[in-house]
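Quick note: the sequence shown uses this note's numbering, first residue 5, plus one each step. We put the beta carbon where it would ideally sit given N, CA and C, even for glycine. Report on one structure; see the data block that follows.
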Amino acid sequence: MPARHFFIFLFAQLLCLAAARPSPAVILQDRQLYLDAKKDYEQLAKSKPAPQARGQLEKIAERFERLPQEYPRSRYCDAAYYYAGKIHQDLYQSSKETRSLDRAIRNLRLLVGKYPASAYAGEGRYRLALALETGKGATQEARQQYAIVAAKYPSSEWGRKSRERLEALRTETARDVKQESRPVAADTQRATQASAAPIVLKEKRDETPQPRLNKPAAPVGLRKIVIDPGHGGRDPGAVGAGGIAEKDIALAVARKLAARLKRESGIEAVLTRSDDTFVPLEERTAMANKEEADLFVSLHVNASPNGDAGGVETYYLDNTTDEAALRLAARENGIAREKISDLQFILSDMVQNLKLEDSITLAHRLQGSVVTQMPRRYGEVRDLGVKKAQFYVLVGARMPSVLVEMFFITNKIEARSLGLEEYQDALADALFDGIKKYQEGALVVKKL
Ligand SMILES: [Zn+2]
């Protein structure tokens, strides 16, 4: 065959191939959309550096962005958000255009918000943190995001990089504080005086709104509370005699508490889950931050291999070396006991940002209220006290936040009581009163 004919033949073959591609009705369109965009992206990345390929890269990013819009239930949505975010982030690196940065942040936020368990979530969250830190100067939120990556993926590349960034930011903050010293401290004090909040170390200016941190709490006290029933869906939490599950007790009490708050206090109550669904831990605090809640209360039921163990204990977030608290935190976090040490590192960095004093006060109010008010006719109520531990679900909350372990599901007498509607009502009432007492205390402090 002469060369010219061969090329005509080849061209015809290619045309046929193109025409013979399965019709959109037959193939999985979302999959095809994703694979095509990915292939084009990989080819382009190999052949041209980002600055020269800007126009083409933007078009490919748009194709990735279209996927979750057109096929919101596709199993490629997380990957599509990841690639769209990554492309825009790379474009921002070379152009410094805020348009690219904003789109990177939007896509990465959607990735980690909607698909926290995705294989892309670790890198995605690290990239989000980096974009927030370097692009927006939003160091506060960047640190929270780095902390989550470091805690969740301690041995991955992203976990390691996140630890490095946290370390670098810590050094920077320490230096800033030293340099600014007196006048800044005085300003900070004046600004936070009214709220009786602990003094927050000076941060770089955040462009993203961080209202709970920068603004004193509303003078009228509590406006909104996020109540977090532990576990849910495929995660039953601790399971006790007769198959009674922690997730069900936590949900029942949370709903009763929310109803009472709504009915009698005018405080808005938001549940992190209102039915038996699985919600990842970091989404729970993220919800509280997004809602700009004034308090975050996580409800759980304790468990022990010792069937006689019983009682109530309330936790706030802090480092501890107490072995029992470490074991409990490991169980509630769903990670191995040994990995808690990673959280320890992260927390030493973060504790300064927590409303620690307020969290401790809230813990005492709830604990005291449950211990004194729970009816004794169901059995004794042991006061195990207010304690600290590294609870993952509390990491990153921007408001006072506590975790209540309401009795032991592994204790036969307590498990039986917990299953009773009237006992759950009594628990919700006790927690309600604890919140009211906390509110009254907060109001007194503010009037002084
Ligand atoms: Zn639990």
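(request) Look at the alpha carbon of residue 227 and the alpha carbon of residue 70, and state the distance between them as a whole number of angstroms. (result) Distance between the alpha carbons of residue 227 and residue 70 is about 38 Å.
(message) Suppose the cutoff is 6 Å on Cβ atoms and the five residues either side in sequence are ignored; what does the same chain contact list for residue 114 look like?
(response) Contacts found: 85.
(message) I'd like the list of long-range same chain contacts for residue 202, defined as Cβ closer than 7 Å, with 5 residues on each side in sequence excluded.
(response) Low local confidence applies: a pLDDT of 34 at residue 202 is under 50, so the model's placement there is unreliable, with the coordinate-based value given in what follows. 359, 360, 361, listed in sequence order.
(message) Could you check if residue 315 belongs to the surroundings of ligand 1, using beta carbon to heavy atom distance under 8 Å?
(response) Exclusion of residue 315 from the 8 Å shell around ligand 1 follows from its C-beta lying no nearer than that to any non-hydrogen atom of the ligand.
(request) Please report the Cβ distance between residue 266 and residue 432, rounded to the nearest whole angstrom; I am assuming they are in contact, meaning their Cβ atoms lie under 8 Å. (result) A Cβ-Cβ distance of about 12 Å is found for the pair residue 266 and residue 432, leaving them out of contact under the 8 Å criterion.
(request) Starting from residue 471, follow the beta strand (DSSP E) in both directions and report where the run begins and ends. (result) Here the chain comprises residues numbered 5 to 452, so residue 471 is not present and cannot be evaluated.
(message) Once the 5 residues before and after residue 289 are set aside, which same chain residues still bring their CB inside 6 Å of it?
(response) Residues of the same chain with a CB within less than 6 Å of the CB of residue 289, apart from the 5 flanking positions on each side, are 400, 401 in chain order.
(message) Taking only three categories from DSSP, how would you classify residue 89?
(response) Residue state, collapsed to three classes: helix.
(message) Closer than 8 Å is the cut-off here; do at least three beta carbon pairs connect the region 317-325 with the region 406-416?
(response) A contact exists between the region 317-325 and the region 406-416.
(request) Taking only the alpha-carbon atoms, compute the straight-line gap between residue 102 and residue 130 and give it to the nearest angstrom. (result) Going from the Cα of residue 102 to the Cα of residue 130 covers about 19 Å.
(message) Just to confirm the assignment: which complete alpha helix (DSSP H) runs, minimum length 4, are found wholly within the region 46-74?
(response) Unbroken alpha helix (DSSP H) stretches of 4 residues or longer found wholly inside the region 46-74: 58-74, given in chain order.
(request) Report the three-state DSSP secondary structure of residue 395 (helix, strand or coil). (result) Shown here, residue 395 sits in coil according to DSSP, grouped into three states, outside any helix or strand.
(request) Rank 92, 249, 164 by C-alpha distance to the C-alpha of residue 459 and give the top, closest one. (result) No answer is possible for residue 459: it lies beyond the span of the chain, which begins at 5 and ends at 452.
(request) Identify, in the order they occur along the chain, each residue of the same chain with its Cβ nearer than 7 Å to the Cβ of residue 160, setting aside the five sequence neighbours on each side. (result) Taken in chain order, the residues that qualify are 126.
(message) Between which residues of its own chain and residue 92 is the CB-CB distance below 7 Å, once the five residues before and five after are set aside?
(response) Same-chain partners within the cutoff: 65, 104, 107, 108, 111.
(message) If you measure between the beta carbons of residue 489 and residue 271, is that distance less than 9 Å?
(response) Residue coverage of the chain in this structure runs from 5 to 452, which leaves residue 489 outside it and unanswerable.
(request) Hey, could you find the ends of the alpha helix (DSSP H) residue 363 is sitting in? (result) Unbroken alpha helix (DSSP H) run through residue 363: 360-377.
(request) Measure the C-alpha to C-alpha separation of residue 429 and residue 435 and round it to an integer number of angstroms. (result) One C-alpha to the other measures close to 10 Å.
(message) According to DSSP, simplified to helix, strand and coil, what is residue 98?
(response) DSSP places residue 98 in helix when its eight states are reduced to three.
(request) From the DSSP output, in three-state form, read off residue 298 for me. (result) Reduced to three states, the DSSP call for residue 298 is coil.
(message) Among 244, 128, 394, whose alpha-carbon lies nearest the alpha-carbon of residue 415?
(response) Of 244, 128, 394, the residue nearest in Cα terms is 244.
(message) Can you check which of these residues, 277, 292, 327, is closest to residue 404 by C-alpha distance?
(response) Checked all of 277, 292, 327; the closest Cα to residue 404 is 292.
(request) Identify whether residue 438 lies in helix, strand or coil by the three-state DSSP scheme. (result) In this structure, residue 438 counts as helix in the three-state DSSP scheme.
(message) Can you list, in chain order, the residues of its chain with a C-beta nearer than 8 Å to that of residue 295? Leave out the 5 residues immediately preceding and following it.
(response) Once the five neighbours on either side are set aside, the close Cβ partners of residue 295 are 228, 230, 274.
(request) Give the DSSP bridge partners of residue 228, in chain order. (result) Answer by DSSP bridge pairing, in chain order: 272.
(message) Is residue 335 near ligand 1 - that is, is its Cβ less than 8 Å away from at least one heavy atom of it?
(response) Within the cutoff, so yes.
(message) Which residue marks the beginning of the beta strand (DSSP E) containing residue 327, and which one marks its end?
(response) In this chain, residue 327 is not harboured by any beta strand (DSSP E); it is covered by the alpha helix (DSSP H) spanning 327-337.
(message) Here's the rule I'm using: 16 or more other beta-carbon atoms within 10 Å means buried, otherwise exposed. How should residue 438 be labelled?
(response) The residue is buried, with at least 16 neighbouring Cβ atoms inside 10 Å.
(message) Less than 8 Å separating the Cβ of residue 128 from some heavy atom of ligand 1?
(response) No, Cβ of residue 128 sits at least 8 Å from all heavy atoms of ligand 1.
(request) Hey, could you find the ends of the alpha helix (DSSP H) residue 127 is sitting in? (result) From DSSP, the alpha helix (DSSP H) with residue 127 extends over 125-134.
(message) Is it buried or exposed, residue 310, if we count other Cβ atoms within 10 angstroms and call 16 or more buried?
(response) That one is exposed.
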